[in-house]
Amino acid sequence: MARFNLVIRFAALGGVLSLAACTAGGPPAAIDVSQGFAAPAQSSGAASAAAVSALPGYALAGTAFSGLLEFEEQEGRPLILYQHAVDGAPTLVAELDPAPNWLSDGVRRFEGLSDRGVAVSVELVSGVCEAGGRTYSRFARVQAGRLSYEGCARETGPSVRWSEALPRFTAPIKACLEASQASAVAALRAGGPARVLHARSESGTPVIRFQFGETGRWDCRAEAPRPQWSVVADAAPKLAGEGDPVYAPGRPPEAGQGCYLWEHVRGPDGAVIGALGEDVCATGAGAPPPVTGFP
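In case it helps, the numbering used here puts the sequence shown at residues 463 to 757.
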């Protein structure tokens, strides 16, 4: 099963669906990544393993470490394995579980023990994380015993979701929403809060697929000087990965609204700029309930 619907299943394991609050936490500390993903692998540890990983998960990198978080299934049991590599030291391997407060403040947390009995925790926050002149989709924090590490993370595996490219589309999304306030599309905003279902590039032009409540789907071509809007026919098939996840720009929705588990998205300065929502209700037997929240 692609990705095993891992976010949903791990959430159910921890009984944390009711904890999906999006209260604002402190921004990630400043990140100074000098090697990160742009550097050649320094060892045969997690850095090189990430390049060939066939399992869904995340590759992490910072100034002094690289890491690989992988999700797999063994005998029907979800398993989270983390490898942590530091130059000059043996690779640390840990089996992790979702923390009791997993996503309680919009942050993904995993914790457990390494093969040497060292307490390990990994925190991931979606956002615009800049490292070594490149931009990645997540901030990462790792605590291994008494040592702390900070860096960026990117999604890995056979099926990387559209939101991996979200940092490249935050400016076009903002431009589309600003343009919608002074166009014929303005009436749509009365239909419900803006939700981004997908983002892509066509001939170098960003194209953002929106939904406003139950008003249907709309594409915005973020062209200069003014974005152009068009309706998506009801019969038009979904784009690959459309709606998995959804992105709520602006103030994050409150916990318990609709069928979504919300994760913060932060800008380069750590400020919250929106939230990514994982649908925890859809079973494939029909459309999920409408998403509600803040405009």
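The C-beta atom is built at its ideal place from N, Cα and C for all residues, glycine as well.
Give the DSSP-derived three-state secondary structure of Pro634 in the structure shown.
helix
Same chain, Cβ closer than 6 Å to Gln504, five either side skipped, listed in chain order
Note on Gln504: pLDDT 41, under 50, position unreliable in the model; the coordinate value appears next. Same-chain partners within the cutoff: Asp549.
Roughly how many angstroms separate the alpha carbons of Val456 and Gly589, rounded to a whole number?
Absent from the structure is residue 456, since the part of the chain shown begins at 463 and ends at 757.
Uninterrupted alpha helix (DSSP H) stretches inside the region 580-646 (no shorter than 4 residues)
628-642
Between Glu685 and Thr667, which are expected to be in contact by the criterion C-beta below 8 Å, what is the C-beta distance as a whole number of angstroms?
6 Å
To the nearest angstrom, how far is it from the Cα of Glu626 to the Cα of Val580?
31 Å
CB contact flag (Gly574, Leu586, <7 Å)
no
Please give me, in chain order, every unbroken run of the beta strand (DSSP E) with length at least 3 that falls completely inside the region 697-746.
708-711, 722-728 and 734-741
Roughly how many angstroms lie between the CA atoms of Gly529 and Arg578, to the nearest whole one?
17 Å
Option in Arg688, Arg683, Ser692 and Pro687 with minimal Cα separation from Thr677
Ser692
Check whether the Cβ atoms of Leu517 and Glu532 sit closer than 7 Å, and answer yes or no.
yes
With a threshold of 16 other CB atoms inside 10 Å of the CB of Gln643, please say whether the residue is buried or exposed.
exposed
What whole-angstrom Cβ distance do Ala695 and Phe672 have, given they're in contact under 8 Å?
Actually they do not touch by this definition, with Cβ atoms about 15 Å apart.
Where the beta strand (DSSP E) containing Leu543 begins and where it ends:
Arg539 to Ala547
Boundaries of the beta strand (DSSP E) in which Glu532 is found, first to last residue
Ser528 to Gln536
Could you give the residue range of the beta strand (DSSP E) that holds Thr667?
Thr667 to Phe674
In angstroms with no decimal places, state the Cα-to-Cα distance between Leu659 and Leu701.
9 Å
Simplified DSSP state of Leu517, which is helix, strand or coil
coil
Through-space distance from Ile542 to Val555, alpha-carbon basis:
11 Å
Cβ shell of Ser663 (< 6 Å), same chain only, five flanking positions each side left out:
none
Mapping DSSP to helix, strand and coil, what is Ala762?
There is no way to answer for residue 762, as the model of the chain reaches only from 463 to 757.
Taking the beta carbon of Leu609 as the centre, do at least 16 other beta carbons fall within 10 Å, making it buried, or is it exposed?
exposed
Could you have a look at Arg651 and say whether DSSP puts it in helix, strand or coil?
helix
Can you tell me where the beta strand (DSSP E) with Arg679 in it begins and where it stops?
Arg679 to Arg683
Return the bridge partner residues of Leu575 from the DSSP annotation.
Glu557 and Ala581
Report the residue from Ser665, Ala661 and Gly732 whose alpha carbon sits nearest the alpha carbon of Gly703.
Ala661
Can you give the Cα-Cα distance for Gly619 and Gly519, rounded to whole angstroms?
6 Å
Using the Cα positions of Ala649 and Cys614, report the straight-line distance between them to the nearest angstrom.
39 Å
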